[in-house]
Amino acid sequence: MLPQKAIEEFKKIYKKSYGVELSDEEATDKANRLVNLYKAVYSDEVWKLPKDLNGEIPKK
4 MLPQKAIEEF KKIYKKSYGV ELSDEEATDK ANRLVNLYKA VYSDEVWKLP KDLNGEIPKK
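So for the sequence shown, the working numbering puts the first residue at 4; every next one is plus one.
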């Protein structure tokens, strides 16, 4: 869960970028989804996967 200050910042950025004003509930949902996406993409676990000699993850 993000702090209210982060949600307010997200709402400002979203309105500036898309011209749409979000409710607190919508902003909380979208901001948390964005944070979860970043965590999934940039997780340390991705870098720990076994790789072949070409640096690629082997297919199962």
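Even for Gly, the Cβ is constructed at its ideal location relative to N, Cα and C. All of these numbers come straight from a predicted model, not from anything done at the bench.
Beta carbon of residue i, beta carbon of residue j: below 8 Å?
{"i": "residue 44", "j": "residue 5", "result": "no"}
{"i": "residue 24", "j": "residue 18", "result": "yes"}
{"i": "residue 30", "j": "residue 14", "result": "yes"}
Quick check on the burial criterion: 16 or more other C-beta atoms within 10 angstroms. Buried or exposed for residue i?
{"i": "residue 10", "result": "buried"}
For residue i, I'd like the list of residues in its chain whose CB is within less than 8 Å of its CB, leaving aside the five on either flank, ordered along the chain.
{"i": "residue 35", "result": "4, 5"}
Consider the C-beta atom of residue i and the heavy atoms of the ligand FAD; say whether any pair is separated by less than 7 Å.
{"i": "residue 12", "result": "With respect to small molecules bound, the structure shown includes none, and the ligand FAD cannot be examined in it."}
Between which two residues does the alpha helix (DSSP H) harbouring residue i extend?
{"i": "residue 40", "result": "27-44"}
By Cβ distance below 6 Å, which residues in the same chain neighbour residue i in space, the five residues on each side in sequence not counted?
{"i": "residue 33", "result": "none"}
Quick check on residue i - is its C-beta less than 8 Å from some C-beta in chain B?
{"i": "residue 26", "result": "The chain inventory of the structure shown lacks chain B, comprising one protein chain alone."}
Keeping to the same chain, check which residues put their C-beta closer than 7 Å to that of residue i; ignore five residues upstream and five downstream.
{"i": "residue 16", "result": "none"}
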